[in-house]
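Take the sequence shown: its letters are residues 234 to 495, numbered as in this note's numbering.
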Amino acid sequence: MDTTFETTRVEFDDSTGVGRITLDRPDALNALNARLREDIVGSLRALDELNDDGIDMRVVVIEGAQGHFCAGADITEFEADAPTADVDRTHYRFIRDYPVPVVAKIRGYCLGGGLETAMSCDFRFASAEATLGLPEVDLGILPGAGGVQFISRLANPSVAMEIAMTGEHISADRAAEVGIVNHVYPEAELDDAVGEFAETIAAKPPLSIQAIKQSANYATEAGLEAGIEYDRTLIEPLFGTDDHEEGVRAFSEDDYEPEFHG
Ligand code: CO8
């Protein structure tokens, strides 16, 4: 299934179960106008619908066209119609609540709403040449689509505040050092590294992966006791699955190669 929206391209590799969404407004460094925000949601829905048709779609990678992830909200739209909280939050929340893991593959600029988009993903893999930051402060606003919330959970809160208050551009290495980015690769190795990671996750038992995402999201919001209780509700149904049986069999039989189907 390969398809295009006005500002995104969507591809799916049925041999790996990995979908790919490319933000495609390169003339504006893939800045998020209203159309692109809606197309991201439309693209994610299109990939998710594959599962309704019995096709295993297990991981999504989001990247930007032509060397940049995304330079943030489209500033030219601010004058005409400042983004409302509801409109602008849509794709961030959609990614966070999305049933399969979402990986942000970051090249070039990843700023403002672009970094907020990446931080709403479950993983961030960056090129060593990427530049990240939250420059909203210099526009007299704040990263108001959850950016301060996300970065304060990923990085030390004081470092997070420093990045948001200075609006400084930081390197991928610095972003990894403070916890915003999972891994940094030389530019030429990024595609393979993300592909390998996505395929590794895609081959795992999908219901376990879904439960781990739900549990990890819950952990950022709930107290420890409530979180442990929540995990108990997640694990009980997993004990009854074929994938659980498959994993136990692979542990017990030396040469058995498990295949997980969800
Ligand atoms: N919006 C619109 N157009 C943009 C944007 C943007 N964010 N960023 C770049 N562009 C356009 C430029 O206008 C330029 O277009 P043109 O060629 O037609 O003049 C083209 O992309 C290339 O950009 P530059 O010529 O500026 O390229 P440089 O390499 O010189 O600079 C930069 C690249 C540093 C990325 C620079 O373009 C820049 O600083 N961009 C703005 C970055 C920014 O401030 N982003 C944050 C925006 S605010 C936000 O994201 C959060 C809003 C939260 C709202 C929450 C509501 C609830």
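Built from N, CA and C at the ideal position, the CB exists for glycine as well. Predicted model, so just to flag it, every value in this text is computed and none were measured.
Please classify residue i as buried or exposed, where buried requires at least 16 neighbouring CB atoms within 10 angstroms.
i: residue 345; result: buried
i: residue 263; result: buried
i: residue 276; result: buried
i: residue 307; result: buried
i: residue 409; result: buried
i: residue 252; result: buried
i: residue 364; result: buried
i: residue 286; result: exposed
i: residue 478; result: exposed
i: residue 296; result: buried
i: residue 405; result: buried
i: residue 339; result: buried
At a cut-off of 6 Å, would you count residue i as near the ligand CO8, judging by its Cβ distance to the nearest heavy atom?
i: residue 368; result: yes
i: residue 309; result: yes
i: residue 408; result: no
i: residue 538; result: Since the first residue of the chain shown is 234 and the last is 495, residue 538 is not available in this structure.
i: residue 345; result: yes
i: residue 305; result: yes
i: residue 264; result: yes
i: residue 359; result: no
i: residue 342; result: yes
i: residue 261; result: yes
Whole angstroms is fine: what's the gap from residue i's alpha carbon to residue j's?
i: residue 267; j: residue 481; result: 47 Å
i: residue 324; j: residue 488; result: 43 Å
i: residue 379; j: residue 350; result: 9 Å
i: residue 397; j: residue 283; result: 38 Å
i: residue 441; j: residue 371; result: 42 Å
i: residue 269; j: residue 486; result: 49 Å
i: residue 362; j: residue 244; result: 25 Å
i: residue 236; j: residue 242; result: 6 Å
i: residue 309; j: residue 433; result: 40 Å
i: residue 492; j: residue 475; result: 10 Å
i: residue 494; j: residue 461; result: 27 Å
i: residue 358; j: residue 329; result: 17 Å
Original post:
Residue ranges of each alpha helix (DSSP H) run of no fewer than 4 residues wholly in the stretch 272–337, ordered along the chain?
Top reply: 309–313 and 318–330
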